[in-house]
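Chain order of the listed sequences is A and B. Take 1 as the starting number for the first sequence in UniProt numbering and just add one per residue. Take 1 as the starting number for the second sequence in UniProt numbering and just add one per residue. Input: a single structure, listed below in structure tokens.
Protein chains: 2
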Amino acid sequence: MRIGDLAHETGVSRRLLRYYEEQGLLRPVRLPNGYREYHQSDVATVRHIRDLLAAGLPTAVIARLLDCVHDDEGGRMVPVACPGMITHLRRERQRITETIERLQTSQRHLDTMLAAVRNPTQPPARTTAERRRRAPIVGQNRAL
Amino acid sequence: MRIGDLAHETGVSRRLLRYYEEQGLLRPVRLPNGYREYHQSDVATVRHIRDLLAAGLPTAVIARLLDCVHDDEGGRMVPVACPGMITHLRRERQRITETIERLQTSQRHLDTMLAAVRNPTQPPARTTAERRRRAPIVGQNRAL
DNA sequence: CTAAAGCGTCACATCCATGTGAGGGTCAAG
DNA sequence: CTTGACCCTCACATGGATGTGACGCTTTAG
Chain A
1 MRIGDLAHET
11 GVSRRLLRYY
21 EEQGLLRPVR
31 LPNGYREYHQ
41 SDVATVRHIR
51 DLLAAGLPTA
61 VIARLLDCVH
71 DDEGGRMVPV
81 ACPGMITHLR
91 RERQRITETI
101 ERLQTSQRHL
111 DTMLAAVRNP
121 TQPPARTTAE
131 RRRRAPIVGQ
141 NRAL
Chain B
1 MRIGDLAHET
11 GVSRRLLRYY
21 EEQGLLRPVR
31 LPNGYREYHQ
41 SDVATVRHIR
51 DLLAAGLPTA
61 VIARLLDCVH
71 DDEGGRMVPV
81 ACPGMITHLR
91 RERQRITETI
101 ERLQTSQRHL
111 DTMLAAVRNP
121 TQPPARTTAE
131 RRRRAPIVGQ
141 NRAL
């Protein structure tokens, strides 16, 4: 498949697909006319890339991951030459775990907010000073 | 507390604290000499902001969230004037949920990789074409 | 054959969270 | 009074993921 097809199937712009290649995340074969020819499995790879990007991993890291292990057609993973990779993989996994935890913390925050909005608890006895501290600032009116 | 203290207590640079204010995420009081005076609870707020940023929410969205509900000293949430906010909160919560799911997908990917690296499975009968498709590309040697 | 659709490269633009530094006040300690 | 530690504003820089557009070649449909 060519870049347009892949873009269509993944919802990722051609520009980005070229960018990913530049970053070493994709290695499409080149047809004699210079066109990029993608393999069917690249659809999965791109989705994978997007997941990892959404995970906050920079392309450089993703490149290293994909470089050592690539998607097979059956969604299987095939290990390639990758010394010290296990350590690396584990480290990244840990990073993601931490990110997930931060997100869950945020969700708890949001839930607390939702609960508060739903049944407003009159907070007991705050001082006037406290009440004033979020007062509007003069000269600040940013467009939303 | 002043900006230096807050920076120290949160590990966030002064620059960023000013930036957050500019984005409407913090509203420190101004002392007569122009210095920003932060409330103790801003420490928690900043942590909260960082979590949400790490969650991938842009400052504009975070501003709207904080704008309608702010941290009390006891970690409680106090709802302020916020029409249609519940919907908004829910939408963001949903977004975060999706992000978490993508991260978990990525983790499964990593786990699969780890398993593969650990006990390499000889993938059965791939065609030569398939095997060739990740062959090195001429003219590509990017510095890592 | 011709036009449209796709592709390629190059390069500049944008957004957002951050960094960095210049130039200049404020304030407390010596 | 002076020095050093903070603070302020302004403004330009950067890095990473993306967008956009120019210009030209290739392939495909009519």
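For every residue, glycine included, the Cβ atom is placed at its ideal position computed from N, Cα and C.
So, helix, strand or coil for residue i, using DSSP?
i, result
"V29 of chain B", "strand"
"Q23 of chain B", "coil"
"S106 of chain A", "helix"
"L57 of chain A", "coil"
"V12 of chain A", "coil"
Please name the residue, chosen from the options, that lies closest to residue i on a Cα-to-Cα basis.
i, options, result
"Q40 of chain B", "B:P28, B:G34 and B:N33", "B:P28"
"residue 154 of chain B", "A:S13, A:Q107 and A:A7", "Residue 154 of chain B falls outside the range modelled here, since chain B spans only 1 to 144, and no answer is possible."
"T105 of chain B", "A:I49, A:E22 and A:L26", "A:I49"
"L114 of chain A", "B:T112, B:R18 and B:C68", "B:C68"
"L26 of chain B", "B:R95, B:V43 and B:T112", "B:V43"
"T87 of chain A", "B:D111, B:L65 and B:A7", "B:D111"
"Q94 of chain B", "B:A55, B:D5 and B:E37", "B:A55"
"Y35 of chain B", "B:I100, B:D51, B:L17 and B:G24", "B:L17"
"Y19 of chain B", "B:M85, B:D51, B:T59 and B:L103", "B:T59"
"V12 of chain A", "A:L103, A:I96, A:L66 and A:L53", "A:L53"
"D5 of chain A", "A:A116, A:E37 and A:D51", "A:E37"
"Q23 of chain B", "B:M1, B:N33 and B:L66", "B:L66"
"I100 of chain B", "B:L57, B:R14, B:E9 and B:M1", "B:L57"
"E98 of chain A", "B:T97, B:I62, B:R64 and B:D51", "B:D51"
"T45 of chain A", "A:L103, A:M85 and A:E21", "A:E21"
"E92 of chain A", "A:L103, A:A63 and A:A116", "A:A63"
"R30 of chain A", "A:H109, A:G84, A:E9 and A:M1", "A:M1"
"T10 of chain A", "A:G84, A:R47 and A:H109", "A:R47"
"M85 of chain B", "A:G84, A:L103 and A:A116", "A:A116"
Give the residues of chain B in contact with residue i, contact being defined as C-beta atoms less than 9 Å apart.
i, result
"H8 of chain A", "Those do not exist, as H8 of chain A stays about 20 Å from chain B at its closest Cβ, beyond 9 Å."
"L31 of chain A", "Result: empty, since nearest Cβ-Cβ is about 12 Å, beyond 9 Å."
What does residue i touch in chain A if you count any residue whose Cβ is under 9 Å from its own?
i, result
"I3 of chain B", "Per Cβ cutoff of 9 Å: no residues; I3 of chain B is ~15 Å from chain A at best."
"L65 of chain B", "H109, L110 and M113"
In terms of DSSP beta bridges, what is residue i paired with?
i, result
"R36 of chain B", "B:R30"
"R2 of chain B", "B:E37"
How would you list, in chain order, the residues of chain B whose beta-carbon sits under 8 Å from the beta-carbon of residue i?
i, result
"R18 of chain A", "Near R18 of chain A there are no residues of chain B at all, since even the closest Cβ is about 13 Å away, more than 8 Å."
List the residues of chain B whose Cβ lies closer than 7 Å to the Cβ of residue i, in chain order.
i, result
"R102 of chain A", "D51, A54 and A55"
Since residue i meets chain A, which of its residues come closer than 8 Å, beta carbon to beta carbon?
i, result
"T93 of chain B", "One point to set straight first is that residue 93 of chain B is Arg, not Thr, in the sequence displayed. Going along chain A in sequence order, the residues near R93 of chain B (Cβ under 8 Å) are Q107, L110, D111 and L114."
"residue 147 of chain B", "Missing from the structure shown is residue 147 of chain B; chain B here goes from 1 to 144 and no further."
Residues of chain A with CB closer than 7 Å to the CB of residue i, please, in chain order.
i, result
"T99 of chain B", "A54 and L103"
Report whether the distance from the Cβ of residue i to the nearest heavy atom of the ligand SAM is below 7 Å.
i, result
"D67 of chain A", "With respect to the ligand SAM, the structure offers nothing, as it holds no ligand at all."
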